[in-house]
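Everything below concerns the one structure shown next.
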Amino acid sequence: MSKLMIVLASVRDVRMGAPIADWVRRAAEADGRFEIDFVDLAELALPMMDEPNHPRLKQYTKPHTIAWSERVEAADAFLFVFPEYNHSYSPAIKNAVDYLNSEWVRKPVGFVNWGGNSGGTRAQVAMKPVVDILGMVQTRGHVEINFPQLDDGVFEPNEQQAMVLGAQLDEFISLGEALKPLRG
Ligand SMILES: Cc1cc2nc3c(=O)[nH]c(=O)nc-3n(C[C@H](O)[C@H](O)[C@H](O)COP(=O)(O)O)c2cc1C
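All residue numbers for the sequence shown refer to our numbering, where the first residue is 1 and numbers rise by one.
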């Protein structure tokens with residue numbers, strides 16, 4: 001079974017990210033093709049990147065980095081669930097990504113973003129070069145949600161958002177198989 005890590009990367013006490021990530025998790029579980037590792041970066045509570053060496057060297061010195069490295073290494077694909085802050089990604093996702101290097105390489109990644117009118121597009125565009133330099137391979141489409149609304153605390157996607165998430169899940173399987181032989 002493919003191991004999919006879902007990373008919830010808004011960490012405020014009150015956050016739209018939690019119900020959105022709940023939807024993503026429910027959909028991925030219902031799909032049935034994945035073993036899910038759900039990471040809430042608020043719970044993981046990584047400090048700001050504090051390793052003395054470049055992550056490429058994998059000479060980690062802190063227990064939190066070693067634990068994060070092992071968890072990411074074990075994953076076959078990633079869904080990064082993060083909001084747009086000031087026309088860019090949330091600092092939590094960048095920090096979590098920056099800790100590691102080879103653990104991300106040649107693995108598929110998809111994004112689920114939200115914000116105002118743009119639906120988180122600028123957060124998404126800002127993240128693209130970050131995952132590129134790490135040798136990750138993006139799904140063709142990413143989920144965009146403008147002005148997300150909750151119904152009794154629950155986020156329900158529209159047809160387009162559900163369809164894009166489904167396409168991402170399909171790509172995690174196909175890209176995952178194609179990339180596996182290329183992983184170091
Ligand atoms: C610091 C900050 C900056 C924001 N900047 C933007 C922005 O540039 N574009 C946008 O569409 N929404 C922006 N927003 C609105 C957020 O997209 C919205 O508050 C969303 O709910 C944030 O996700 P969260 O609740 O999970 O933290 C910003 C919100 C915050 C807190």
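Ideal Cβ positions, reconstructed from N, Cα and C, are used throughout, including at glycine.
Near ligand 1: residue i beta-carbon under 7 Å from a heavy atom
{"i": "residue 153", "result": "no"}
{"i": "residue 19", "result": "no"}
{"i": "residue 144", "result": "no"}
{"i": "residue 16", "result": "yes"}
{"i": "residue 104", "result": "no"}
{"i": "residue 84", "result": "yes"}
{"i": "residue 12", "result": "yes"}
{"i": "residue 115", "result": "yes"}
{"i": "residue 87", "result": "yes"}
{"i": "residue 118", "result": "yes"}
For residue j and residue i, believed in contact at Cβ under 8 Å, the rounded distance
{"i": "residue 67", "j": "residue 7", "result": "Contact flag wrong, Cβ pair sits at about 15 Å."}
{"i": "residue 127", "j": "residue 111", "result": "6 Å"}
{"i": "residue 176", "j": "residue 81", "result": "Not really, about 19 Å apart at Cβ, beyond 8 Å."}
{"i": "residue 92", "j": "residue 10", "result": "7 Å"}
{"i": "residue 131", "j": "residue 138", "result": "6 Å"}
{"i": "residue 84", "j": "residue 120", "result": "4 Å"}
{"i": "residue 4", "j": "residue 75", "result": "7 Å"}
{"i": "residue 78", "j": "residue 58", "result": "Not really, about 19 Å apart at Cβ, beyond 8 Å."}
{"i": "residue 19", "j": "residue 143", "result": "In fact, because the Cβ distance is near 14 Å, the residues do not count as touching under 8 Å."}
{"i": "residue 191", "j": "residue 169", "result": "A query on residue 191 cannot be resolved here, the shown segment of the chain reaching from 1 to 184 and no further."}
{"i": "residue 150", "j": "residue 27", "result": "Actually they are not in contact, since the Cβ atoms of residue 150 and residue 27 sit about 16 Å apart, beyond 8 Å."}
{"i": "residue 101", "j": "residue 56", "result": "5 Å"}
Three-state class that DSSP yields for residue i in the structure shown
{"i": "residue 31", "result": "helix"}
{"i": "residue 130", "result": "helix"}
{"i": "residue 125", "result": "helix"}
{"i": "residue 25", "result": "helix"}
{"i": "residue 52", "result": "coil"}
{"i": "residue 16", "result": "coil"}
{"i": "residue 181", "result": "helix"}
{"i": "residue 10", "result": "coil"}
{"i": "residue 45", "result": "coil"}
{"i": "residue 160", "result": "helix"}
Residues that DSSP places opposite residue i in a beta bridge
{"i": "residue 114", "result": "83, 145"}
{"i": "residue 36", "result": "4"}
{"i": "residue 138", "result": "109"}
{"i": "residue 154", "result": "151"}
Unbroken stretches of the beta strand (DSSP E), 3 residues or longer, contained in the segment 61-102 = Qualifying beta strand (DSSP E) stretches, in chain order: 77-83.
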